[in-house]
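Input: a single structure, listed below in structure tokens.
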Amino acid sequence: MMKFLLFLFIALFLVEKAEAQPCYPVPHGVSDQWVLNQFWQTNVRLCRLPPSDNRHAFAVSETKTVWIDQDWGDRIAYQYGSWATTGILAHEWGHIIQGSVSGTGAELQADCLAGVFMRAMGLHPSTIEQYAVLSWYEGGGPGHGTGEQRLNAALIGYHGYSGQRGLALQGLCPLSAF
Ligand SMILES: [Zn+2]
-9 MMKFLLFLFI ALFLVEKAEA QPCYPVPHGV SDQWVLNQFW QTNVRLCRLP
41 PSDNRHAFAV SETKTVWIDQ DWGDRIAYQY GSWATTGILA HEWGHIIQGS
91 VSGTGAELQA DCLAGVFMRA MGLHPSTIEQ YAVLSWYEGG GPGHGTGEQR
141 LNAALIGYHG YSGQRGLALQ GLCPLSAF
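When the letters of the sequence shown are read in order and numbered with this note's numbering, they come out as residues -9 to 168.
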């Protein structure tokens, strides 16, 4: 009985902690959030990471939330162009769409889904190459695959897209392809 109560107490504490993380809006990301949700027919929240968190951008599929360091996102947009932050957010949306999978294959699938979105946005094919370079340099790291793998994955999505929108498009990027 005591053990059960202790477990319950810890569980409640954890739930409380998870919900205590407030979602501060990302003013510079509002239009990307809207367009990405429209395109994928999702309802994903975009939240600003607190300064104490040193991560750049990540997705939590359980809560359908994408987190970004806004200062970092601004720097990326300034350095590469506004499409760059959009591309990174598109990759994070990819993680929400794919659900809870992990590993290099999952990262490449997220790149592929970003490629689908970038094509739908009418971005030039050379943007995909820039996206792969940017993703590589900005700390994707080995778990995300090589720069070449990332480029190829994004190109699969880019060239596979031929119209429409919605979650069914994830079929263009099957996990088995990566
Ligand atoms: Zn990722």
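Positions of the beta carbon are idealized from the N, C-alpha and C atoms, including for glycine. All values derive from a computational prediction rather than experimental measurement.
Option in the options with minimal Cα separation from residue i
{"i": "Arg155", "options": "Leu103, Ser166, Pro164, Gln120", "result": "Leu103"}
{"i": "Gln31", "options": "Lys54, Glu128, Glu138", "result": "Lys54"}
{"i": "Asn175", "options": "Arg45, Trp83, Glu97, Ser51", "result": "The requested residue 175 does not occur in the structure, where the chain is confined to residues -9 to 168."}
{"i": "Glu138", "options": "Gly153, Ile118, His149", "result": "Ile118"}
{"i": "His85", "options": "Ile78, Arg35, Ala100, Gly93", "result": "Ala100"}
{"i": "Leu165", "options": "Ala144, Gly153, Ser152", "result": "Ala144"}
{"i": "Gly89", "options": "Arg45, Val34, Ser152, Asn142", "result": "Val34"}
{"i": "Val25", "options": "Gly147, Leu141, Ala110, Gly153", "result": "Ala110"}
Three-state secondary structure (DSSP) of residue i
{"i": "Arg38", "result": "strand"}
{"i": "Phe29", "result": "helix"}
{"i": "Leu165", "result": "helix"}
{"i": "Ser55", "result": "For the record, residue 55 in the displayed sequence is Thr; it is not Ser. Looking at Thr55 - three-state DSSP - the assignment turns out to be strand."}
{"i": "Tyr14", "result": "strand"}
{"i": "Leu159", "result": "helix"}
{"i": "Val91", "result": "coil"}
Residue i to residue j span [Cα, whole Å]
{"i": "Ile87", "j": "Gln160", "result": "8 Å"}
{"i": "Val91", "j": "Tyr68", "result": "32 Å"}
{"i": "Leu157", "j": "Cys163", "result": "11 Å"}
{"i": "Tyr121", "j": "Met108", "result": "10 Å"}
{"i": "Pro12", "j": "Val50", "result": "14 Å"}
{"i": "Gly95", "j": "Ala47", "result": "18 Å"}
{"i": "Ser72", "j": "His149", "result": "22 Å"}
{"i": "His134", "j": "His18", "result": "26 Å"}
{"i": "Trp57", "j": "Leu124", "result": "19 Å"}
{"i": "Val16", "j": "Ser152", "result": "31 Å"}
Enclosing beta strand (DSSP E) for residue i [first to last residue]
{"i": "Val176", "result": "An answer regarding residue 176 cannot be provided, because it is not within the stretch -9 to 168 covered by the chain."}
For residue i, the first and last residue of its enclosing alpha helix (DSSP H)
{"i": "Ala80", "result": "72 to 88"}
{"i": "Ala122", "result": "115 to 125"}
{"i": "His149", "result": "137 to 150"}
I'd like to know if the segment 57 to 65 and the segment 34 to 43 are in contact, where contact means that at least 3 CB-CB pairs between them fall below 8 Å.
Contact between the segment 57 to 65 and the segment 34 to 43 is present, because at least three Cβ pairs lie under 8 Å.
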